[in-house]
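Take a look at the structure below.
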Amino acid sequence: MELQKLHYEVVNGIAVVTMDYSKNLNAIDEQMADELMYAVETAENDSNVKVVVIKGSTKAFSAGGDIGYFYQLIKAGGKVNMDGIIGKVGKITNGIKKMSKLVISSVSGSAAGAGVSLALTADFVICAENAKFIMAFVNLGLVPDTGGTYLLVKQLGEKRAMELCATGRPLPAMEAKELGLVHKVVANEELDTATMKLAEKFANGPLISYKNIKRQIYAAGFEDYKHYLDDCEIPTQRECAASADFCEGVKAFMEKRKAAFEGK
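For the sequence shown, the residue numbers in the numbering used here are 8 to 271.
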């Protein structure tokens, strides 16, 4: 597969997946989703890969969905059907959770929407001090996708998950660490070094043990994850994407004004 929006390389047993599409701040559109899925599958099936690192740019890990694309489609009178992209991102996060190798996300700058979900799906999250997580879906009249609500409920409980999802407030790196979402927060300039140090440690560790710990954790905490993605996440997002509130949310975001939601 020709990769146009990310880079994939394997160095000393570490597969590094770098999202690199500055035009839309590494938004996870269908092409980015296809490339991420390819990278996850390639790393899983490569016996030379022992650990996986997923990272973005210094400015942004990922801005989430491609709101500019939605805006142009809505302005042209078209309908937004998200079933395809949501199905793909669900496969990515489930693939990471079921992966036999440890996955580290390295987060600098903003992780918004689906970018939050992707980052938190990793087994270990390392952040620069400038990192922030924004469950921004609600600001567009949408619900979290890419497994976001499920992951937050599992990790924080339903009350804290509700607060983050319903308010869409930015969650700074240090607060995310205090909540247990983030493994480590380092100075901005130390992020790459700290990430690779942890990756190298795992690459030289007991890989069979790691693989089976992941199997146990998936069985203990994520056995119904695929069911949630297919039977809850897709239909709830489908209803929201068909609403007038979603159209208004997208227009307001692109036109830099406050949205006038009407619950329709």
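The beta-carbon is built from N, C-alpha and C at its ideal position, and this holds for glycine as well.
Can you name the residues that DSSP bridges to L109?
The partner list for L109 (beta bridge, DSSP) reads V58.
Validate contact between the stretch 49-58 and the stretch 88-97 using beta carbons, cut 8 angstroms, 3 pairs:
No, they do not touch.
I need the straight-line Cα distance from K104 to S250, nearest angstrom please.
Approximately 31 angstroms between the Cα atoms of the pair.
Which same chain residues end up closer than 8 angstroms to G256 when comparing Cβ atoms and leaving out the 5 residues on each side of it in sequence?
Only residues of its own chain outside the window of five on either side were considered, and among them N146, L147, G148, L149, A266, F268 have a CB closer than 8 angstroms to the CB of G256, listed in chain order.
Cβ separation of G97 and E240, assumed to be a contact under 8 angstroms, to the nearest whole Å
Indeed, because the Cβ distance is near 7 angstroms, the residues count as touching under 8 angstroms.
Does the Cβ-Cβ distance between F144 and G120 come in under 8 angstroms?
Yes, they are a contact pair.
Excluding the five sequence neighbours on either side, which residues of its own chain have a C-beta within less than 6 angstroms of the C-beta of P179, listed in chain order?
Closer than 6 angstroms at the Cβ level, and outside the excluded window around P179, lie K139.
Can you check DSSP and say which residues form a bridge with K139?
For K139, which the question treats as bridged, DSSP gives the partners S117, P179.
Should E262 go down as buried or exposed, given a rule of 16 or more other Cβ atoms within 10 Å for buried?
E262 is exposed by the Cβ-count criterion.
For A131: DSSP bridge partner residues:
In the sequence as displayed, the identity of residue 131 is Phe instead of Ala. I111, per the DSSP bridge assignment.
Beta-carbon separation (whole angstroms), A201 vs V193, contact threshold 8 angstroms
For a cut-off of 8 angstroms, the C-beta gap from A201 to V193 is around 5 angstroms, short enough to register as a contact.
Just to confirm, is the Cβ distance from V160 to A168 under 8 angstroms?
Cβ atoms of V160 and A168: closer than 8 angstroms.
Between which residues of its own chain and I93 is the CB-CB distance below 7 angstroms, once the five residues before and five after are set aside?
Hits under 7 angstroms: D152, E240, I241, Q244.
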